[in-house]
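A.B. asks: The structure's right below; bear with me while I get my questions together.
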Amino acid sequence: MKRILLVLLILSLALPAFAAQHLPGKGGKVQPARATWNTGYFQEALVRAGLEELGYNVNKPKELQNPLFYQSLALGDVDYWANGWFPVHEGQLPKNFYDKGEKVGYVVKSGGLQGYLVSKKDAEKFNIKSLDDFKRPEVKEAFDANGDGKADLTACPAGWGCEQTITHHLDVYNLNEHVNPIKASYSASMADALARYNAGKPVFFYTWAPNWTIFKFKPGEDVVWINVPEIMPTEAQKDQVDRLTASGITGAVSDPIKLGFVVADIQIVANKEFLAENPAAKEFFKQFTLPLGDINAQNTLMEEGEKSQKDIERHAQEWIKKNQETWNSWLEAARNAAK
42 MKRILLVLLI LSLALPAFAA QHLPGKGGKV QPARATWNTG YFQEALVRAG
92 LEELGYNVNK PKELQNPLFY QSLALGDVDY WANGWFPVHE GQLPKNFYDK
142 GEKVGYVVKS GGLQGYLVSK KDAEKFNIKS LDDFKRPEVK EAFDANGDGK
192 ADLTACPAGW GCEQTITHHL DVYNLNEHVN PIKASYSASM ADALARYNAG
242 KPVFFYTWAP NWTIFKFKPG EDVVWINVPE IMPTEAQKDQ VDRLTASGIT
292 GAVSDPIKLG FVVADIQIVA NKEFLAENPA AKEFFKQFTL PLGDINAQNT
342 LMEEGEKSQK DIERHAQEWI KKNQETWNSW LEAARNAAK
């Protein structure tokens with residue numbers, strides 16, 4: 042009997058430590074934020090799910106515009122988000138931001154891509170390597186859907202930041218007489234481009250990643266990324282010239298490729314005080330990384346109608362189940378960091 046009581050005593054003393062080890066965030070309250078663009082909702086849902094498994098009580102995320110998020114983080118009103126795009130967001134940070142905020146890990150390193158894509162079979166047929174090739178009569182004719190004598194480019198709606206960059210490109214590369222930028226609703230224009238492609242017709246469009254477009258149009262299979270003729274940055278890009286060219290891009294016509302748009306790292310950004318007080322959360326942030334293709338696949342589900350918060354939460358749980366071994370390793374590393 043004494044031996045049984047001794048075992049029970051040892052277990053009673055060990056259980057609280059065991060529980061603490063597995064729930065290092067128990068009792069901790071966390072206030073996340075998320076971006077206003079829905080292609081970032083999936084990452085937010087996954088990170089929140091991880092913190093909840095670590096025992097944190099995680100509030101509903103506050104949806105904030107970029108500058109407001111970074112200001113709120115510096116003030117301590119929110120603890121983190123998974124939607125930092127760097128160096129693209131550097132110009133939106135408040136003064137002395139890094140005294141209070143910190144970038145942690147990489148959700149997708151070099152995952153924030155932007156650029157121009159062309160249907161692969163037509164790029165090969167006409168030997169299209171850059172925007173400059175759209176000055177050739179046979180190329181313009183092939184990509185002219187409305188008969189105005191110019192190649193049709195599915196571009197950005199008026200007011201989008203990318204519209205300004207595309208306008209800059211058409212000006213500095215002397216393409217205004219050769220390319221017609223379509224600035225209608227992006228989703229509608231891309232749906233039209235997809236229909237044309239499925240009918241066997243050439244397509245030429247701007248896009249970014251993560252996005253559903255490069256799940257439907259797979260780079261290297263359906264489409265290829267093409268170069269700008271030479272690097273001629275906008276005023277806003279002049280401090281980031283090295284980021285206008287990228288290497289190792291799937292489906293690019295060259296390596297490296299001159300995209301003409303800043304290539305961004307997608308990162309978690311968190312309040313330094315929060316990180317110092319929550320080593321388990323910090324380690325989970327460091328561990329958390331996603332294949333770009335998985336984000337594109339989930340974004341496609343949203344584009345096809347599965348876009349409610351309930352849908353997004355389900356997508357996150359399905360991803361976790363499919364990648365359980367990796368997920369568990371992240372959680373274990375986070376728990377070990379809190380010992």
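Those letters in the sequence shown? Residues 42 to 380, by this note's numbering. The beta carbon of each residue, even a glycine, is placed where N, CA and C say it ideally should be.
Apart from the five residues on each side of it in sequence, which residues of its chain come closer than 7 Å, Cβ to Cβ, to P270?
C.D. replies: Residue mapping note: residue 270 aligns to position 229 of the sequence shown, counting from 1. These residues qualify, in order along the chain: S171, L172, D173, Y214.
A.B. asks: Can you tell me whether S166 is buried or exposed, with buried defined as 16 or more other CB within 10 angstroms of its CB?
C.D. replies: Here residue 166 corresponds to residue number 125 of the sequence shown, with the count starting at 1. Reading the sequence as shown, one finds Lys at residue 166 and not Ser. Exposed, because fewer than 16 other Cβ atoms sit within 10 Å of the Cβ of K166.
A.B. asks: Helix, strand or coil for S295 per DSSP?
C.D. replies: Within the sequence shown, residue 295 is the residue found at index 254, counting from 1. Three-state DSSP puts S295 in coil, outside helix and strand.
A.B. asks: Can you confirm whether the region 174-193 touches the region 229-247 when touching is taken to mean that 3 or more C-beta pairs between the two stretches lie within less than 8 Å?
C.D. replies: Segments in contact, yes.
A.B. asks: Have a look at E218 and A74 and give me their C-alpha separation to the nearest angstrom.
C.D. replies: Taking the first residue of the sequence shown as position 1, residue 218 is located at position 177. Taking the first residue of the sequence shown as position 1, residue 74 is located at position 33. Roughly 44 Å separates the two Cα atoms.
A.B. asks: Would you mind sorting V282 into buried or exposed? The rule is 16 or more other CB atoms within 10 Å of its CB.
C.D. replies: By one-based count along the sequence shown, residue 282 stands at place 241. Exposed, by the Cβ-count rule.
A.B. asks: Using the C-alpha atoms, what's the distance from T341 back to P320?
C.D. replies: Indexing the sequence shown from 1 puts residue 320 at position 279. Indexing the sequence shown from 1 puts residue 341 at position 300. Distance between the alpha carbons of P320 and T341: 34 Å.
A.B. asks: With three or more beta-carbon pairs closer than 8 Å as the criterion, would you say the region 198-208 touches the region 280-300?
C.D. replies: Verdict: no, contact absent.
A.B. asks: Can you tell me whether E85 is buried or exposed? The criterion is at least 16 other CB atoms within 10 Å of its CB, across all chains shown.
C.D. replies: Within the sequence shown, numbered from 1, the residue matching residue 85 stands at position 44. Per the 10 Å Cβ criterion, buried.
A.B. asks: Just mark T80 as buried or exposed, buried being the case when its beta carbon has 16 or more other beta carbons within 10 Å.
C.D. replies: Taking the sequence shown and counting its residues from 1, the one referred to as residue 80 is at position 39. With 16 or more other Cβ atoms within 10 Å, it is buried.
A.B. asks: Report the rounded CA-to-CA distance for N124 versus G289, giving the unit in angstroms.
C.D. replies: Counting from 1 along the sequence shown, the entry for residue 124 is found at position 83. Counting from 1 along the sequence shown, the entry for residue 289 is found at position 248. Between N124 and G289, the C-alpha separation is close to 23 Å.
A.B. asks: Would you please state the rounded distance, in angstroms, between the beta carbons of P260 and W266? I believe it to be under 8 Å.
C.D. replies: The count along the sequence shown starts at 1 and reaches residue 260 at position 219. The count along the sequence shown starts at 1 and reaches residue 266 at position 225. With a Cβ gap of about 6 Å, P260 and W266 count as contacting.
A.B. asks: Determine the direct distance from the alpha carbon of T248 to that of A305, and round the result to whole angstroms.
C.D. replies: Walking along the sequence shown from the start, residue 305 turns up at place 264. Walking along the sequence shown from the start, residue 248 turns up at place 207. Roughly 14 Å separates the two Cα atoms.
A.B. asks: Hey, quick one: how far does the beta strand (DSSP E) through F329 stretch, first residue to last?
C.D. replies: In the sequence shown, counting from the first residue as 1, residue 329 sits at position 288. First-last for F329: undefined, no H or E at that position.
A.B. asks: Helix, strand or coil: which one does DSSP assign to T275?
C.D. replies: As a working note, residue 275 is residue 234 in the sequence shown. Of the three classes helix, strand and coil, the one that applies to T275 here is coil, per DSSP.
A.B. asks: Does the distance from the C-beta atom of G146 to that of I309 stay below 8 Å?
C.D. replies: The residue you call residue 146 lines up with position 105 of the sequence shown. The residue you call residue 309 lines up with position 268 of the sequence shown. Contact: yes.
A.B. asks: Taking 8 Å as the CB-CB cut-off, is E218 touching chain E?
C.D. replies: No chain E is part of this structure, which consists of one protein chain only.
A.B. asks: Going by other Cβ atoms of all chains shown within 10 Å of its Cβ, with 16 needed for buried, is D140 buried or exposed?
C.D. replies: Here residue 140 corresponds to residue number 99 of the sequence shown, with the count starting at 1. So D140 counts as exposed.
A.B. asks: Let me confirm a value: L49 is counted as buried when at least 16 other C-beta atoms fall within 10 Å, else exposed. Which label applies?
C.D. replies: In the sequence shown, the residue the question calls residue 49 occupies position 8. With a pLDDT of only 47 at L49, under the threshold of 50, the placement of this residue in the model should not be trusted, and no figure is reported.
A.B. asks: Under DSSP, the alpha helix (DSSP H) around E354 begins and ends at which residues?
C.D. replies: Mapped onto the sequence shown, residue 354 falls at position 313. 350-363 is the extent of the alpha helix (DSSP H) around E354.
A.B. asks: Excluding the 5 residues preceding and the 5 following D163 in the sequence, name in chain order all residues of the same chain whose CB lies nearer than 6 Å to its CB.
C.D. replies: Within the sequence shown, the letter at position 122 stands for residue 163. Same-chain partners within the cutoff: P243.
A.B. asks: If you measure from the CB of V269, is any heavy atom of the ligand NAP nearer than 7 Å?
C.D. replies: In the structure on display, the ligand NAP does not appear, and there are no ligands present to speak of.
A.B. asks: Given a cut-off of 8 Å on the beta-carbon distance, is the pair A293 and A90 in contact?
C.D. replies: Residue 293 sits at position 252 when you count from the first residue of the sequence shown. Residue 90 sits at position 49 when you count from the first residue of the sequence shown. For A293 and A90, no; Cβs fall outside 8 Å.
A.B. asks: Report the rounded CA-to-CA distance for E318 versus G153, giving the unit in angstroms.
C.D. replies: For this step, residue 318 is matched to residue 277 along the sequence shown. For this step, residue 153 is matched to residue 112 along the sequence shown. Answer to the nearest angstrom: the Cα atoms are 30 Å apart.
A.B. asks: When DSSP labels each residue in this structure, what does T248 get in the three-state scheme?
C.D. replies: Taking the sequence shown and counting its residues from 1, the one referred to as residue 248 is at position 207. Residue state, collapsed to three classes: strand.
A.B. asks: Could you check where the beta strand (DSSP E) with V145 kicks off and where it finishes?
C.D. replies: By one-based count along the sequence shown, residue 145 stands at place 104. Start and end: 142-160.
A.B. asks: Starting from T254, trace the alpha helix (DSSP H) both ways and give me its first and last residue.
C.D. replies: For this step, residue 254 is matched to residue 213 along the sequence shown. Its alpha helix (DSSP H) spans residues 254-257.
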